[in-house]
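Working notes for the structure below.
Protein chains: 2
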Amino acid sequence: MRAAPTQEDIRRQNLGALLRRVHVFGPVSRAQLTAGMGLNRSTIGALTTDLTEAGLVLEEQPRDTGGRGRPSLVVRARSQRVYVLAFGVGVDRLVAARVGLGGVVLDRREIERPDGHFTVEDAVDRLAGFGARLTEAAGAGARCVGAAAAVPAMVDREAGVLHYGPNIGWRSVPFGPMLADAIGRRVILGNDGELGALGEHTRGVAAGYDDVVYIHGDVGIGGGVIAAGRPLGGADGFAAEIGHMVVNPDGRACPCGSHGCWETEIGEAALLRAAGRAGPLGRDAVHAVVDAAARGDKDAEEGLRRVGNWIGIGVANLVNLLNPRMVVFGGTLRMVYPATAAQVRSRVNRTALPSHREHLRLRTSALADDAPLHGAAELAFAALFENPLEFTAS
Amino acid sequence: MRAAPTQEDIRRQNLGALLRRVHVFGPVSRAQLTAGMGLNRSTIGALTTDLTEAGLVLEEQPRDTGGRGRPSLVVRARSQRVYVLAFGVGVDRLVAARVGLGGVVLDRREIERPDGHFTVEDAVDRLAGFGARLTEAAGAGARCVGAAAAVPAMVDREAGVLHYGPNIGWRSVPFGPMLADAIGRRVILGNDGELGALGEHTRGVAAGYDDVVYIHGDVGIGGGVIAAGRPLGGADGFAAEIGHMVVNPDGRACPCGSHGCWETEIGEAALLRAAGRAGPLGRDAVHAVVDAAARGDKDAEEGLRRVGNWIGIGVANLVNLLNPRMVVFGGTLRMVYPATAAQVRSRVNRTALPSHREHLRLRTSALADDAPLHGAAELAFAALFENPLEFTAS
Numbered sequence: 005m006r007a008a009p010t011q012e013d014i015r016r017q018n019l020g021a022l023l024r025r026v027h028v029f030g031p032v033s034r035a036q037l038t039a040g041m042g043l044n045r046s047t048i049g050a051l052t053t054d055l056t057e058a059g060l061v062l063e064e065q066p067r068d069t070g071g072r073g074r075p076s077l078v079v080r081a082r083s084q085r086v087y088v089l090a091f092g093v094g095v096d097r098l099v100a101a102r103v104g105l106g107g108v109v110l111d112r113r114e115i116e117r118p119d120g121h122f123t124v125e126d127a128v129d130r131l132a133g134f135g136a137r138l139t140e141a142a143g144a145g146a147r148c149v150g151a152a153a154a155v156p157a158m159v160d161r162e163a164g165v166l167h168y169g170p171n172i173g174w175r176s177v178p179f180g181p182m183l184a185d186a187i188g189r190r191v192i193l194g195n196d197g198e199l200g201a202l203g204e205h206t207r208g209v210a211a212g213y214d215d216v217v218y219i220h221g222d223v224g225i226g227g228g229v230i231a232a233g234r235p236l237g238g239a240d241g242f243a244a245e246i247g248h249m250v251v252n253p254d255g256r257a258c259p260c261g262s263h264g265c266w267e268t269e270i271g272e273a274a275l276l277r278a279a280g281r282a283g284p285l286g287r288d289a290v291h292a293v294v295d296a297a298a299r300g301d302k303d304a305e306e307g308l309r310r311v312g313n314w315i316g317i318g319v320a321n322l323v324n325l326l327n328p329r330m331v332v333f334g335g336t337l338r339m340v341y342p343a344t345a346a347q348v349r350s351r352v353n354r355t356a357l358p359s360h361r362e363h364l365r366l367r368t369s370a371l372a373d374d375a376p377l378h379g380a381a382e383l384a385f386a387a388l389f390e391n392p393l394e395f396t397a398s
Numbered sequence: 005m006r007a008a009p010t011q012e013d014i015r016r017q018n019l020g021a022l023l024r025r026v027h028v029f030g031p032v033s034r035a036q037l038t039a040g041m042g043l044n045r046s047t048i049g050a051l052t053t054d055l056t057e058a059g060l061v062l063e064e065q066p067r068d069t070g071g072r073g074r075p076s077l078v079v080r081a082r083s084q085r086v087y088v089l090a091f092g093v094g095v096d097r098l099v100a101a102r103v104g105l106g107g108v109v110l111d112r113r114e115i116e117r118p119d120g121h122f123t124v125e126d127a128v129d130r131l132a133g134f135g136a137r138l139t140e141a142a143g144a145g146a147r148c149v150g151a152a153a154a155v156p157a158m159v160d161r162e163a164g165v166l167h168y169g170p171n172i173g174w175r176s177v178p179f180g181p182m183l184a185d186a187i188g189r190r191v192i193l194g195n196d197g198e199l200g201a202l203g204e205h206t207r208g209v210a211a212g213y214d215d216v217v218y219i220h221g222d223v224g225i226g227g228g229v230i231a232a233g234r235p236l237g238g239a240d241g242f243a244a245e246i247g248h249m250v251v252n253p254d255g256r257a258c259p260c261g262s263h264g265c266w267e268t269e270i271g272e273a274a275l276l277r278a279a280g281r282a283g284p285l286g287r288d289a290v291h292a293v294v295d296a297a298a299r300g301d302k303d304a305e306e307g308l309r310r311v312g313n314w315i316g317i318g319v320a321n322l323v324n325l326l327n328p329r330m331v332v333f334g335g336t337l338r339m340v341y342p343a344t345a346a347q348v349r350s351r352v353n354r355t356a357l358p359s360h361r362e363h364l365r366l367r368t369s370a371l372a373d374d375a376p377l378h379g380a381a382e383l384a385f386a387a388l389f390e391n392p393l394e395f396t397a398s
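One line per chain: the protein sequences are A and B, in this order. If you read the first sequence in my numbering, its first letter stands for residue 5, the second for the next number, and so on. If you read the second sequence in my numbering, its first letter stands for residue 5, the second for the next number, and so on.
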């Protein structure tokens with residue numbers, strides 16, 4: 005059980021909570037902070053002064069005072085001055101961004117390789133190159149307070165080791181330390197589904213929802229779960245391998261060694277197969293099927309209908325098991341879900357318990373392909389909120 | 005976000021944490037409390053004095069001092085003096101117990117009705133009768149600090165309403181308020197699977213494990229999940245309806261309206277059917293199948309083999325989704341699992357991801373049929389740990 009907090013612990017917690025509030029919800033007045041945090045005015049004043057002196061926030065007169073007495077100062081994150089580096093490894097693309105305090109994407113670089121994977125070394129080189137250019141462009145006055153990377157793989161976060169990423173072909177790679185060596189600062193690794201969930205929960209379509217399932221479609225199916233407002237990690241940080249939930253025990257072999265995994269029924273390969281198509285996977289191929297169905301192509305329609313039925317079965321299972329308030333479709337499922345919504349909803353209505361679906365919302369991702377990148381930024385900012393002033397002292 | 009704690013909040017939290025520590029881990033010395041809670045000796049002394057004066061704990065000289073200086077006083081829960089009432093509604097039985105601080109079952113009453121359900125009114129009458137006799141037997145010096153009931157149903161905990169309990173045939177019953185009226189104090193309701201998980205996590209086979217799935221076999225299949233040390237509730241408190249995870253989309257109709265739910269493949273009816281047997285359900289029928297298989301009955305062996313395969317598929321799904329460190333088989337699965345372990349493990353090895361099963365333990369419940377009852381006791385004690393001294397003042 006935790007030790008009792010000291011006065012200094014409480015001050016640090018309050019500084020972190022205030023800064024995180026400004027980061028997540030945007031500019032906020034001292035009066036709103038006083039009401040929202042349950043602290044008195046003078047304490048809020050002392051905390052904002054500390055954060056201002058540390059160069060983390062600015063305090064400004066509000067633009068519209070409304071003419072009712074002395075206006076309360078507005079506290080705003082110094083997004084241009086305080087930032088993190090967020091990296092994303094996709095099956096066929098690499099992306100890096102400088103994300104300012106407040107969650108603003110200030111600068112972004114991306115490279116695609118539609119025909120195949122990146123090797124580990126190539127990915128490290130290119131991401132480090134992006135990182136160097138993003139840092140240079142930030143200017144001398146700006147300070148980087150963290151870095152994190154989203155990868156389509158199970159990761160050991162403590163060690164920064166990418167455990168197993170079947171769809172990029174990487175296994176047991178110390179990707180965190182490798183990228184850290186290349187950019188000169190620690191890089192925290194996270195699973196892209198888990199970070200997509202965190203991104204959507206913090207500043208996407210699931211903001212304000214405490215119980216959320218995020219489903220990320222790519223070559224494989226990944227995901228992340230927010231339970232009672234927190235990411236569901238599991239004993240090893242490997243929770244939410246939703247693509248490897250068996251929905252069809254008599255189904256096809258999955259690269260994981262099992263049969264009939266959800267991924268084998270709703271992944272990109274399953275959609276193309278169900279629509280009677282061959283050729284390379286990827287978002288262009290998925291888009292082509294959705295587009296053809298919209299134009300009345302019967303094979304594409306049938307493919308989407310079949311995949312929609314399996315999406316519905318898997319969603320119903322997740323709903324019965326986790327009782328989320330919202331299910332978010334991200335990655336290429338952001339295209340597939342709207343084209344299969346009738347099928348998915350019909351199946352969910354037959355398969356999920358009435359009590360569980362009564363208040364359920366099914367939504368597409370608001371952050372689109374950048375949901376995991378936003379989640380990586382949140383992961384990178386987390387240490388700042390643990391102890392805001394430590395970062396200034398250094 | 006939470007308000008900042010006052011000194012009084014911190015003292016109350018420390019009192020609750022100390023009392024809960026004694027409740028969960030048993031008698032403990034002041035020296036151990038000082039080390040374990042990260043508080044200094046004088047603070048621990050003040051807290052234990054407060055709890056002693058409130059009649060919640062006793063401080064005693066240790067029996068074996070080992071002869072090394074002045075021994076540290078041992079703090080012990082006053083189990084006979086401070087208790088809760090825990091109730092359990094099963095498909096074919098009702099149970100009630102007086103559980104002392106420290107988790108000791110001091111007194112226990114049970115009634116079986118093998119041939120059918122209890123009506124709501126009958127259950128309330130009989131449980132209230134048990135409650136009155138348990139309270140009377142406790143004597144005048146003992147104090148009841150709470151009451152809770154485990155029911156095989158989805159519940160709205162705030163309102164105390166039993167939402168839907170298919171296997172007892174109850175729906176939209178304000179069971180909490182009804183039982184409260186009958187016994188003269190508030191009764192908190194909880195789902196029996198969720199409370200079974202809480203019981204096993206607090207003082208059963210899963211004690212010390214932060215990520216646990218508990219599977220409760222009865223006529224239906226219920227369950228509960230502990231994630232990062234806390235019960236997984238979901239948005240409405242309906243999480244872990246694991247019996248209604250679809251594992252066989254072409255399978256039999258389930259009373260829930262879906263097809264091929266896990267419950268239809270591994271519940272008591274499925275086992276009897278797979279073993280070629282008819283007749284009433286219940287633990288005697290399950291025991292007869294397990295017993296027959298042990299004696300070499302081929303039909304019983306085949307039934308257990310088939311059910312074991314489906315148990316394995318469902319367990320693998322839960323393992324891939326939730327990444328628990330331990331899966332606990334409770335209720336009648338406590339008999340079925342040992343008889344199907346080879347089949348279950350073989351299927352889990354083929355279907356769960358290697359990373360997820362590397363450190364996984366499959367175990368039978370230690371608290372047996374009383375796991376939900378112990379969980380109900382924990383639920384009833386929770387308010388005491390929120391504010392230990394408030395209970396004395398009253």
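Ideal Cβ positions, reconstructed from N, Cα and C, are used throughout, including at glycine. Model, not experiment: these values are computed from the prediction.
Of the residues the options, the one placed nearest residue i, counting alpha carbons only
i, options, result
"glycine 221 of chain A", "A:Arg34, A:His248, A:Asp129, A:Gly335", "A:Gly335"
"leucine 383 of chain B", "B:Arg85, B:Gly42, B:Gly194", "B:Gly194"
"histidine 205 of chain B", "B:Leu371, B:Leu23, B:Gln17", "B:Leu371"
"aspartate 196 of chain B", "B:Val78, B:Ala157, B:Pro181", "B:Ala157"
"valine 323 of chain A", "A:Val340, A:Arg365, A:Leu43, A:Ala127", "A:Arg365"
"alanine 201 of chain B", "B:Glu305, B:His378, B:Gly169", "B:His378"
"leucine 326 of chain B", "A:Ala244, A:Leu77, A:Val165", "A:Ala244"
Backbone CA spacing between residue i and residue j [nearest angstrom]
i, j, result
"alanine 58 of chain B", "alanine 50 of chain A", "39 Å"
"threonine 10 of chain B", "valine 32 of chain B", "28 Å"
"leucine 110 of chain A", "tyrosine 87 of chain A", "9 Å"
"phenylalanine 29 of chain A", "valine 149 of chain A", "20 Å"
"glycine 283 of chain B", "valine 155 of chain B", "25 Å"
"valine 103 of chain A", "aspartate 374 of chain A", "12 Å"
"valine 348 of chain B", "glutamate 114 of chain A", "46 Å"
"leucine 19 of chain B", "glutamate 394 of chain B", "11 Å"
"glutamate 64 of chain B", "alanine 239 of chain A", "38 Å"
"methionine 339 of chain A", "glutamate 305 of chain A", "14 Å"
"methionine 5 of chain B", "leucine 55 of chain B", "Annotation note: pLDDT 43 at methionine 5 of chain B (below 50); position unreliable, coordinate value reported separately. Each residue's alpha carbon lies about 31 Å from the other."
"valine 209 of chain A", "threonine 123 of chain B", "45 Å"
"valine 177 of chain A", "glycine 271 of chain A", "25 Å"
"alanine 152 of chain A", "alanine 127 of chain A", "14 Å"
Beta-bridge pairing of residue i - partner residues as DSSP gives them
i, result
"methionine 339 of chain B", "Partner(s): none; methionine 339 of chain B has no beta bridge."
"glutamate 116 of chain A", "A:Arg97"
"proline 156 of chain B", "In DSSP, proline 156 of chain B forms no bridge with anything."
"threonine 368 of chain B", "B:Phe333"
"glutamate 484 of chain B", "Nothing about residue 484 of chain B can be reported from this structure: the residues present for chain B run from 5 to 398 only."
"asparagine 353 of chain A", "DSSP output for asparagine 353 of chain A lists no bridge partner at all."
"phenylalanine 91 of chain B", "B:Ala100, B:Ala153"
"tryptophan 174 of chain B", "B:Gly169"
Outcome for residue i when other beta-carbon atoms lying within 10 angstroms are tallied against a minimum of 16
i, result
"alanine 4 of chain B", "Summary: the structure shown does not reach residue 4 of chain B, with chain B confined to residues 5 through 398, and so no result is reported for it."
"serine 398 of chain A", "Below a pLDDT of 50, predicted positions are generally treated as unreliable, and serine 398 of chain A, at 42, falls in that range; the measurement from the model is reported next regardless. The residue in question, serine 398 of chain A, is exposed, as its Cβ has fewer than 16 Cβ neighbours within 10 Å."
"arginine 175 of chain B", "exposed"
"histidine 248 of chain A", "buried"
"histidine 291 of chain B", "exposed"
"phenylalanine 385 of chain B", "buried"
"leucine 298 of chain B", "One detail in the question is off: residue 298 of chain B reads as alanine in this sequence, not leucine. It is exposed - the Cβ of alanine 298 of chain B has fewer than 16 other Cβ atoms within 10 Å."
"glycine 237 of chain B", "buried"
"aspartate 119 of chain B", "exposed"
"glutamate 116 of chain B", "exposed"
"glutamate 198 of chain B", "buried"
Residues from the stretch 235–253 of chain A in contact with chain B, defined by Cβ distance under 8 Å: Leu236, Gly237, Gly238, Ala239, Asp240, Gly241, Phe242, Ala243, Ala244, Glu245, Ile246, His248, Met249, Val250, Val251, Asn252, Pro253
Contacting positions in the stretch 343–374 of chain A - beta carbon closer than 9 Å to chain B: Arg354, Thr355, Ala356, Leu357, Pro358, Ser359, His360, Glu362, His363, Leu364
Residues from the stretch 189–214 of chain A in contact with chain B, defined by Cβ distance under 9 Å: Tyr213, Asp214
Positions along the stretch 23–42 of chain B whose CB lies within less than 9 Å of some CB in chain A: Arg24, Arg25, Gly40, Met41, Gly42
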